[in-house]
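Written out below as structure tokens is the structure these notes cover.
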Amino acid sequence: MNIALLLEMAAEAAGDRIALVCDGKRWTYGELLDAARGACELIRDSGAEFVALLDESSEASVIAMFGAALAGVPYCPLNYRLADADLGALLGRIAPALVIGDAARVERLAPDQGHVVYPRAEFTLAVQEAVAAPDAEYDTGEGIAIQLFTSGTTAAPKAAILGHSNLVSYILGTVEFAGADEGEAALVSVPPYHIAGIAAALSSIYAQRRIVMLPAFAPDAWLKLVDAERVTNAFVVPTMLSRIIHAMDKGVQADISSLKAIAYGGGKMPLELISHALDLFPDTGFTNAYGLTETSSTVALLGPEEHRAAHRSDDPKVRARLASVGIPLPTIELEIRGEEGEVLPAGQAGEIYVRGDQVSGQYRERSALDADGWFPTRDAGYLDEDGYLFLSGRADDVIVRGGENISPGEIEDVLLTHPAIADAAAVAIPSAEWGEAVGLAVVVRGGFDHPAEDELKDLVRTRLRSSRVPEKILFAPALPYNEMGKLLRREVKVMLAG
0 MNIALLLEMA AEAAGDRIAL VCDGKRWTYG ELLDAARGAC ELIRDSGAEF
50 VALLDESSEA SVIAMFGAAL AGVPYCPLNY RLADADLGAL LGRIAPALVI
100 GDAARVERLA PDQGHVVYPR AEFTLAVQEA VAAPDAEYDT GEGIAIQLFT
150 SGTTAAPKAA ILGHSNLVSY ILGTVEFAGA DEGEAALVSV PPYHIAGIAA
200 ALSSIYAQRR IVMLPAFAPD AWLKLVDAER VTNAFVVPTM LSRIIHAMDK
250 GVQADISSLK AIAYGGGKMP LELISHALDL FPDTGFTNAY GLTETSSTVA
300 LLGPEEHRAA HRSDDPKVRA RLASVGIPLP TIELEIRGEE GEVLPAGQAG
350 EIYVRGDQVS GQYRERSALD ADGWFPTRDA GYLDEDGYLF LSGRADDVIV
400 RGGENISPGE IEDVLLTHPA IADAAAVAIP SAEWGEAVGL AVVVRGGFDH
450 PAEDELKDLV RTRLRSSRVP EKILFAPALP YNEMGKLLRR EVKVMLAG
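Numbering that gives the first Met the number 0 numbers the first residue of the sequence shown as 0 and each following residue consecutively.
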């Protein structure tokens, strides 16, 4: 089943309903489908082997995704924030492609690779002018729908591929067709090259919920768009939510009473931040969505009722769930495994493995699935006795000190209990005695004096044990994050090595 069938079903059921709003222009489901079919004609005429987007989110990103699907060509949105050398390398890996967006940059970085380039406005006009043949045949959806380059927080980007079957499985298992009222609107402000943006578009179209695009996130603009479009649903990463709350605390005025649901994910959510958000948005349901590119988005959820119950509870066990990512979806199998591949019991930390129809686990370079179809996420975590999943960082981030595995997350959580520490990152640093030792970069909260290094070391020693005490501490003005709020630990290591 081709992902474009989701749009075709929506257009057939309610072709005149508004499907998408961007920069003031409104598109109905019927108009979007016609544009996608026009895009299919352009793609086939170009001879491209990929359709790439080098631009912010817009109607062009949605049209290109469905046009590529109809043409049977993988859709590959690129990170336009990358440095020239990194972007040039990615353009070389998908040549020849039909590229939508920054034409001048493509011509400068990849002039002889056979790319066909359309600036966004020209592409949007061309797809409306292209006329699909009445008897046009479209791809059946048995191959690759999406190719996304991983963020490369610890290594060079891998080309993760998602089949139509993976994405359709996720949508059919989590979204009710035409389940949204006509007044419902989803605000999409995440970059188009992230799986969250793709999943939001597919989910909203299948539910027939109006998509409201915010091409470039800014907290003031986000709040004003919620007000103007009476947005009911939104997805944010923790750094976005922090900036939105900061803007509200500083007095930015907007009517947010329409917001029924906010989902978040893509990075670690500080407990202090989500607690403040629950107080600030008392009538909004919050959902923590944990997933990966390779799993077609969400595999576990902490839902609105669980958020409120944990926030209100005096029971430490129940309250602790606010730091979890919830329970695996019914369509997902999830296990925690040890270093020898053994399944670990509740409460014991290891690597998270998942299996299900939505799980691709495939890269252009190789398959990451084991013989039984399980995907090793490289995320570390544990399940409590009630089945709630708690993350403790990336398995690759584990610090091995004298043969003992140390999770950076446990050290960071302790440091963040100090009133003067706003942010913290623990990483492995070389040690002549232990092989690796704990290095720590911390950010001091505004208005506080720098705490003494010995004070921070004593805090870790008291709450954990001496092997977790950092050997080196760096006070930094800020920690390096990517645009989706993921900590770039390799850059923290460079900072500590300086």
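Glycine included, each C-beta is placed from N, C-alpha and C at the ideal position.
- Annotation for Tyr-387: no beta strand (DSSP E) segment contains it, and DSSP assigns it neither H nor E.
- When DSSP reads this structure, Trp-26 sits in a beta bridge with Leu-19.
- Contact annotation, Thr-231 with Ala-184: C-beta distance approximately 6 angstroms; criterion of less than 8 angstroms satisfied.
- Remark: fewer than three beta-carbon pairs, one from each stretch, lie closer than 8 angstroms, so the segment 48 to 66 and the segment 244 to 251 are not flagged as touching.
- Shown here, Arg-377 sits in a strand according to DSSP, grouped into three states.
- Annotation: Ile-170 to Ile-145 spans about 15 angstroms, alpha carbon to alpha carbon.
- With a cutoff of 7 angstroms on beta-carbon distance, Glu-470 and Ala-436 are scored as near each other.
- The beta-carbon distance between Ala-253 and Leu-222, rounded to whole angstroms, is 4 angstroms. This is short enough to meet the 8 angstroms contact definition.
- Under the three-pair Cβ rule at 8 angstroms, the segment 304 to 322 does not count as touching the segment 343 to 352.
- Secondary structure at Tyr-205: helix, using DSSP grouped into helix, strand and coil.
- In this structure, DSSP gives Ile-145 an extended state, which the three-state scheme calls strand.
- Pro-429 sits in a strand when the DSSP states are folded into three classes.
- Per DSSP, the unbroken beta strand (DSSP E) holding Pro-76 starts and ends at 74 to 76.
- Shown here for Leu-495: same chain residues with a beta carbon closer than 7 angstroms to its own, the five before and five after excluded, namely Val-426, Ile-428, Gly-438, Ala-440, Lys-471 and Leu-473 in chain order.
- In the DSSP assignment, Lys-471 falls within the beta strand (DSSP E) that extends over 471 to 474.
- Taking C-beta atoms as the reference points, Gly-196 and Val-189 count as a pair closer than 7 angstroms.
- By the Cβ criterion, the segment 29 to 43 is in contact with the segment 128 to 136, since at least three pairs of Cβ atoms, one from each stretch, lie closer than 8 angstroms.
- When the alpha-carbon of Gly-14 is set against those of Ala-96, Ala-309 and Leu-31, the nearest one is in Leu-31.
- Rounded to whole angstroms, the separation of the alpha carbons of Arg-16 and Arg-336 is 47 angstroms.
- Judged by DSSP secondary structure, Phe-49 falls within the beta strand (DSSP E) whose first and last residues are 49 to 53.
- In the structure shown, Val-187 falls within a strand segment according to DSSP collapsed to helix, strand and coil.
- From the listed residues Leu-415, Pro-218, Arg-318 and Lys-456, the smallest Cα separation to Leu-240 is found for Pro-218.
- Nearest neighbour of Tyr-192 by Cα position, chosen from Arg-462, Val-443 and Cys-75, turns out to be Cys-75.
- Checking the DSSP bridge columns, you'll see Met-212 partnered with Cys-21 and Val-187.
- Here Asp-383 is actually not in contact with Phe-374; their C-beta atoms are around 22 angstroms apart, not less than 8 angstroms.
- Comparing alpha carbon positions, the residue from Leu-279, Ser-295, Pro-156 and Leu-90 closest to Ile-2 is Ser-295.
- Asp-282 counts as exposed, since fewer than 16 other beta carbons sit within 10 angstroms of its beta carbon.
- Contact between the segment 353 to 368 and the segment 417 to 424 is absent: fewer than three C-beta pairs spanning the two stretches fall below 8 angstroms.
- Counting along the chain, no beta strand (DSSP E) covers Glu-341, and no H or E run does either.
- With fewer than 16 neighbouring CB atoms inside 10 Å of its own CB, Asp-44 falls in the exposed class.
- Asp-134 and Leu-224 have their alpha carbons spaced roughly 41 angstroms apart.
- Ranked by Cα distance from Gly-265, the options Ala-288, Leu-487, Leu-272 and Lys-259 are led by Ala-288.
- Every beta strand (DSSP E) of 3 residues or more that sits fully in the segment 404 to 457 is shown, in chain order, as 420 to 430 and 434 to 443.
- Look at Thr-297 here: in three-state DSSP terms it is strand.
- If the five residues before and after Ala-47 are omitted, its C-beta is found closer than 7 angstroms to the C-beta atoms of Val-72, Pro-95, Ala-96, Leu-97 and Val-115, all from its own chain and listed in chain order.
- Spatial neighbours of Gly-29 in its own chain (CB-CB distance under 7 angstroms, excluding positions within 5 residues in sequence) are listed in chain order as Ala-10, Gly-14 and Asp-15.
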